[in-house]
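Trainee: Let me begin by handing over the structure; questions about it come next.
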Amino acid sequence: MSSLLFDFIVDKTAKTVFITREFDAELPLVWDAFTKQELLDQWWAPKPFTSKTISMEFKVGGRRFYAMVGADGVELGWQIHDYTSISPKTNFKFFNAFADKDQNLHLPGSNWDFSFSEFEGITKVNITIYNESLERMVKMIEMGFKEGFTMTLNELENVLNNQKKH
């Protein structure tokens, strides 16, 4: 069993989810996995689903628009990440919302804040997800967000391990 840190805390009063996860990889590689389309599509979905980026501009004011794809190749739903702040290799933020295939948003959404730090080759990622409505957050949790995102982060660990070998 890994000794790497993994915390997942739901604070209903604050309408916020706090996730802390450590990875046995250097910060530049972990940063790239969160910010480069070709890496994101390898892990940003719980199996058996995959993530298919339709468009992505990682810059303040830019957007990632992607589909969740089922094992049968059918696009099941779409999401957007509108990037609101980027401090290279340390932090980025985006507004997240479900959408339709034409990028029409299904509000309310949530604000995600990612912070990165490295110590002795171990990179820690702190993720804070503030939901605009308690109802949305409760629905996400009831739909299995913790289990799904845990699987997703475990898939990221596999991607990082594969990247380190090359």
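The opening residue of the sequence shown carries number 11 in my numbering; numbering runs sequentially from there. Note that beta-carbon positions come from the ideal geometry of N, C-alpha and C, so glycine has one too.
Could you check whether Lys25 and Leu115 sit closer than 7 Å to each other, using their CB atoms as the reference points?
Mentor: Contact flag unset, no.
Trainee: Taking only runs of the alpha helix (DSSP H) that begin and end inside the region 127-165, which ones reach a length of at least 4 residues, in chain order?
Mentor: Fully enclosed alpha helix (DSSP H) runs of 4 or longer: 144-152.
Trainee: Which same chain residues, not among the five before or five after Asn136, have their C-beta less than 6 Å away from its C-beta?
Mentor: So the list reads Thr30 and Ser125, once near-sequence residues are dropped.
Trainee: As an exercise, report each continuous beta strand (DSSP E) stretch of at least 3 residues that is fully enclosed by the region 86-119, in chain order.
Mentor: List check, beta strand (DSSP E) in window: 101-109.
Trainee: What separation, rounded to the nearest whole angstrom, lies between the Cα atoms of Asn127 and His176?
Mentor: As written in the sequence, residue 127 is Ser, which differs from the Asn given in the question. Those two C-alpha atoms are separated by around 23 Å.
Trainee: Using the DSSP secondary-structure output, state which residues sit across from Val27 in a beta bridge.
Mentor: Per DSSP, Val20 and Ile139.
Trainee: Determine, using beta-carbon pairs with one atom in the region 104-115 and one in the region 42-60, whether at least three such pairs fall under 8 Å.
Mentor: They do not touch, by the three-pair rule.
Trainee: What does DSSP give as the partner residues of Ser65 in its beta bridges?
Mentor: Beta-bridge pairing links Ser65 to Phe75.
Trainee: DSSP has Trp122 in a bridge; who is on the other side?
Mentor: Answer is Phe104 and Ile139.
Trainee: On a CA-only basis, which of Ala81, Lys62, Phe102 and Ala43 is nearest Gly264? Give me that one, please.
Mentor: No statement about residue 264 is possible, as the shown extent of the chain runs from 11 to 176 and does not include it.
Trainee: Which term fits Met153, buried or exposed, when burial requires 16 or more other beta carbons within 10 angstroms of its beta carbon?
Mentor: Counting Cβ neighbours within 10 Å, Met153 comes out exposed, since fewer than 16 surround it.
Trainee: Do Thr100 and Asp123 have their C-beta atoms closer together than 7 Å?
Mentor: Not in contact: Thr100 and Asp123 (Cβ atoms no closer than 7 Å).
Trainee: Please check the pair Phe75 and Ile96, which I expect to be a contact at CB under 8 Å, by giving their CB distance rounded to whole angstroms.
Mentor: About 17 Å separates the two Cβ atoms, so there is no contact after all.
Trainee: Quick check on the DSSP output: the alpha helix (DSSP H) that includes Val84 runs from which residue to which?
Mentor: Where Val84 is concerned, there is no enclosing alpha helix (DSSP H), given that its DSSP letter is neither H nor E.
Trainee: Measuring straight from C-alpha to C-alpha, what distance separates Val169 and Thr23?
Mentor: Straight-line Cα distance between these residues: approximately 35 Å.
Trainee: Name the DSSP bridge partner or partners of Thr60?
Mentor: According to DSSP, Thr60 bridges with Val79.
Trainee: Please classify Glu32: does DSSP put it in a helix, a strand, or coil?
Mentor: Reduced to three states, the DSSP call for Glu32 is strand.
Trainee: What is the C-beta distance between Asn121 and Tyr140, in whole angstroms, given that I count them as a contact (C-beta under 8 Å)?
Mentor: Rounded, the Cβ-Cβ distance is 5 Å, consistent with contact.
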